[in-house]
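Only one structure is covered here, and it is reproduced in the block below.
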Amino acid sequence: MADYLVIVESPAKAKTIGKYLGKKYIVKASMGHVRDLPKSQMGVNVEESFEPKYITIRGKGPVLKELKTAAKKVKRIYLAADPDREGEAIAWHLAHSLDIDEHSDCRVVFNEITKQAIKDAFKTPRPINMDLVDAQQARRILDRLVGYNISPLLWKKVKKGLSAGRVQSVAVKMIIEREKEIKQFVPEEYWSIQANFALQEEPFEAKFYGIDGKKQELKSEEEVKKVLERLKTDTFDITSVKRKERKRNPVSPFTTSSLQQEAARKLNFRAKKTMMIAQQLYEGIELDKKEGAVGLITYMRTDSTRISDTAQQEAHEYIVQSFGEEYTRKEKRVVKNDKKAQDAHEAIRPTSVFKDPKLVKSFLSRDQFKLYKLIWERLVASEMAPAVMDTMSVDIEQNNVVFRATGSKVKFPGFMKVYVEGNDDGEKEVDRFLPDLQEGQQVKKSEIEPNQHFTQPPPRYTEARLVKTMEELGIGRPSTYAPTLDTIQRRGYVALEDKRFVPTELGEIVLELIVEFFPEILDVEFTAKMENDLDSIEEGSKEWIRIIDEFYNGFEKRLAFAEEEMKEVEIKDEPAGEDCEKCGNEMVYKMGRYGKFMACSNFPDCRNTKAIVKDIGVTCPSCKEGNIVERKSKKRRIFYGCDQYPECDFISWDKPIERQCPKCEQMLVEKKSKKGVHVECISCDYKEESN
């Protein structure tokens with residue numbers, strides 16, 4: 037018979053921990069929270085110091101019954117939920133449900149699920165940290181006060197199913213404001229001059245820099261002509277050659293935010309997917325019968341870049357063994373966390389650097405492997421030596437017109453041998469080689485090409501860009517980014533088009549109402565201050581009731597004003613320009629979870645719906661009768677198919693074009709890549725250059 041009961045959140049975590057603890061321990065899962073505020077009512081007594089009313093979550097009765105039965109059979113109970121506010125609250129709710137003294141040493145926390153970490157954690161149990169619990173309660177109650185007061189107002193004045201929240205409303209505001217910037221943007225013309233030179237038949241490129249040694253911007257074609265008129269011959273002089281050695285340092289290990297951003301850039305993962313897979317890697321993966329389930333990464337909700345001395349030592353040993361002593365970092369990495377960081381946990385890292393991704397690949401799903409490899413490479417690279425780059429800057433001159441060529445090459449790869457951080461533009465870094473140029477030499481011009489450009493508007497937010505901006509502004513915390521992005525899409529306030537957020541009409545209407553009646557909810561500084569207040573509650577320096585009271589006093593007055601003054605908004609359905617084939621009534625555009633769709637205006641008597649399709653003017657290459665139309669999958673990914681479906685099942689992820697392949701007469705498609713769009717054949721090797 038077991039002596040101890042250990043309660044964690046998930047069965048996967050229970051399985052992994054149970055293997056390390058042995059037969060004296062029973063490990064069971066609570067399946068997350070067992071108590072929460074009721075869904076059917078506010079559940080917060082604003083007259084009695086905002087006292088929350090907790091009830092057993094619907095469906096959790098059998099789980100609690102099983103835990104209570106197990107608790108009667110053991111001498112002692114340990115609560116081992118995740119090491120954050122939410123985990124502390126889960127432990128506190130379990131303590132109340134199972135009659136465990138919250139002041140007793142019942143709480144066990146660990147940052148990684150490894151044998152040593154688990155054994156060490158059970159040597160030092162502690163009481164439940166009520167400051168952490170109060171911080172979680174404060175966030176939950178704040179969000180309930182906002183959501184359960186504003187949402188019914190929106191249902192009454194706009195439409196059913198809407199919601200508002202502190203963080204989600206600010207995120208929608210950011211997306212809408214960016215869209216306004218794009219629409220109001222006025223492009224400005226500018227020019228560049230590209231020159232191709234050669235030294236003894238070794239070609240290289242340079243760009244116009246300026247005149248008489250001073251940098252000059254070209255605003256018009258007239259200015260370009262004046263520059264070109266000064267160039268009389270094909271021979272240019274090299275007037276300056278500067279060679280430098282530049283060091284490039286590796287980036288720090290992952291925080292929650294930087295992991296979500298990099299997984300979006302490199303793996304094309306949504307934030308929600310990244311966190312789901314990271315949770316699996318943290319809770320444990322079955323590697324083999326001998327080793328069993330093993331936690332492969334440390335806790336994945338963190339804002340710190342700090343790692344343990346043990347992890348640093350392991351990384352040093354691995355780097356020496358794999359690459360040599362010269363690839364190790366000579367000085368200890370200085371941890372530079374953001375000022376807003378709580379630094380409660382280490383950075384996200386592999387639990388052991390010796391679990392090389394190649395060694396565990398066969399035990400992981402494809403997506404698990406991709407994310408684990410990314411985390412592993414980032415950690416190893418962070419402990420490696422800086423890369424050393426040889427750079428070269430050359431001025432080429434004729435009649436005081438200066439062109440400048442820059443080149444670089446890797447002298448010593450350092451950390452770049454393992455990993456290089458991605459960027460939002462998706463461009464890969466490449467060496468730009470220059471010939472061995474010397475001052476006083478002459479080079480020949482082969483071509484000079486002026487190019488007209490126009491300034492571009494700021495880009496729409498990708499998930500990665502939005503998370504990064506929210507983090508910089510102090511909006512939300514590591515645990516809130518993914519659910520916030522998911523919520524604003526499910527509510528229909530924003531949609532993803534080409535992996536970028538665009539606001540919907542519904543989002544703009546709701547935001548306009550919140551701006552008018554609840555401006556503090558959308559104030560970035562207010563939201564960031566509220567996050568800092570929650571951190572202060574966690575640190576024990578502020579009382580949660582006072583923080584909520586300060587907020588609610590002003591909020592209650594605005595709510596009463598909005599109830600009286602907010603006018604009802606009618607969202608008229610836009611005619612789709614065709615009739616319903618089932619009842620003959622007009623079809624209209626509706627907004628659903630996955631964006632716009634067509635529905636019969638005679639709803640609910642007629643429930644006919646259709647996806648919106650766009651004819652791209654290409655005949656189907658399969659049936660030769662239908663037309664190719666653009667459609668969207670449930671995940672809002674664009675694809676192309678025949679309008680005769682299901683009779684014709686032609687489908688393509690790449691956009692077909694009207695022309696046929698000149699080699700084999702099969703269909704040509706537009707293929708997107710990080711370098712742009714190029715045309716290629718679906719059947720043979722015919723390919724056209726990128727535009």
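Read in order, the letters of the sequence shown correspond to residues 37 to 727 in the working numbering. Note that beta-carbon positions come from the ideal geometry of N, C-alpha and C, so glycine has one too.
As far as DSSP is concerned, cysteine 642 takes part in no beta bridge. C-alpha of isoleucine 333 to C-alpha of proline 514: approximately 16 Å in a straight line. Taking C-beta atoms as the reference points, isoleucine 557 and serine 205 count as a pair closer than 8 Å. One alpha carbon belongs to tyrosine 588, the other to glutamate 213, and they sit about 27 Å apart. Per DSSP, glutamine 478 is one residue of the beta strand (DSSP E) stretching across 478 to 490. Setting aside the 5 residues that flank it on each side, tyrosine 335 is surrounded in the same chain by Asp118, Pro119, Asp120, Asn147, Glu148, Tyr318, His381, Glu382, Ile384, each with a C-beta closer than 8 Å to its C-beta; the list follows chain order. As DSSP reads the structure, valine 715 sits in a beta bridge with Glu706. Taking 8 Å as the cut-off, the beta carbon of valine 287 is found no closer than this to the beta carbon of tyrosine 354. When the alpha-carbon of valine 654 is set against those of Thr645, Arg180, Ile664, the nearest one is in Ile664.
In this structure, aspartate 135 lies away from proline 161, with their beta-carbon atoms at least 8 Å apart.
In this structure valine 144 is buried. Its beta-carbon is surrounded by 16 or more other beta-carbon atoms within 10 angstroms. Here isoleucine 53 really is in contact with alanine 116; their C-beta atoms are around 7 Å apart, less than 8 Å. Non-local beta-carbon contacts of lysine 578 in its own chain, meaning distances under 8 Å to residues more than five positions away in sequence, involve Asp569, Ser572 in chain order.
In this structure the stretch 122 to 134 does not touch the stretch 307 to 317; the number of beta carbon pairs closer than 8 Å is below three. Counting only residues of its own chain and dropping the five nearest sequence neighbours on each side, threonine 523 has a CB closer than 6 Å to the CB of Gln204. Counting along the chain, asparagine 185 sits inside the alpha helix (DSSP H) bounded by residues 166 to 193. In this structure, Val430 is the residue among Val430, Tyr625, Leu532, Pro449 with its C-alpha nearest to the C-alpha of lysine 280. Given a length threshold of 4 residues, each whole run of the alpha helix (DSSP H) inside the stretch 380 to 456 is given here in chain order: 393 to 396, 402 to 418. Linking lysine 368 to phenylalanine 451 through their CA atoms gives a straight-line distance of about 15 Å.
Distance check between glutamate 258 and each of Lys278, Arg284, Lys251, Ile229 places Ile229 closest, using alpha-carbon atoms only. Between the C-alpha atoms of valine 82 and glutamate 45 there is a straight-line separation of about 31 Å.
Judged by pairs of C-beta atoms under 8 Å, the stretch 478 to 496 does not touch the stretch 293 to 309, as fewer than three such pairs exist.
The secondary-structure analysis by DSSP pairs isoleucine 550 with nothing; it has no beta-bridge partner. The criterion of a C-beta distance shorter than 8 Å is satisfied by arginine 440 and alanine 242. Taking every protein chain shown into account, the CB of glutamate 507 has 16 or more other CB atoms within 10 angstroms, so this residue is buried. DSSP places proline 514 outside both helix and strand once states are collapsed to three, so it counts as coil. Going by DSSP, arginine 301 is part of no alpha helix (DSSP H) at all; its letter is neither H nor E. Straight-line spacing of the CA atoms in serine 85 and phenylalanine 591 works out to 16 Å. With contacts defined as CB atoms closer than 8 Å, tyrosine 625 and lysine 618 fail to qualify as a contacting pair. When the Cα atoms are used, phenylalanine 272 and proline 239 turn out to be separated by approximately 14 Å. In the DSSP assignment, phenylalanine 587 falls within the alpha helix (DSSP H) that extends over 580 to 601. Threonine 387 and alanine 329 have their alpha carbons spaced roughly 13 Å apart. Under DSSP, no beta-bridge partner is assigned to methionine 336. Under DSSP, the beta-bridge partners assigned to valine 530 are Pro539. Under DSSP, phenylalanine 240 shares a beta bridge with Phe233. The three-state reading of DSSP puts glycine 320 in coil, since its state is none of H, G, I, E or B.
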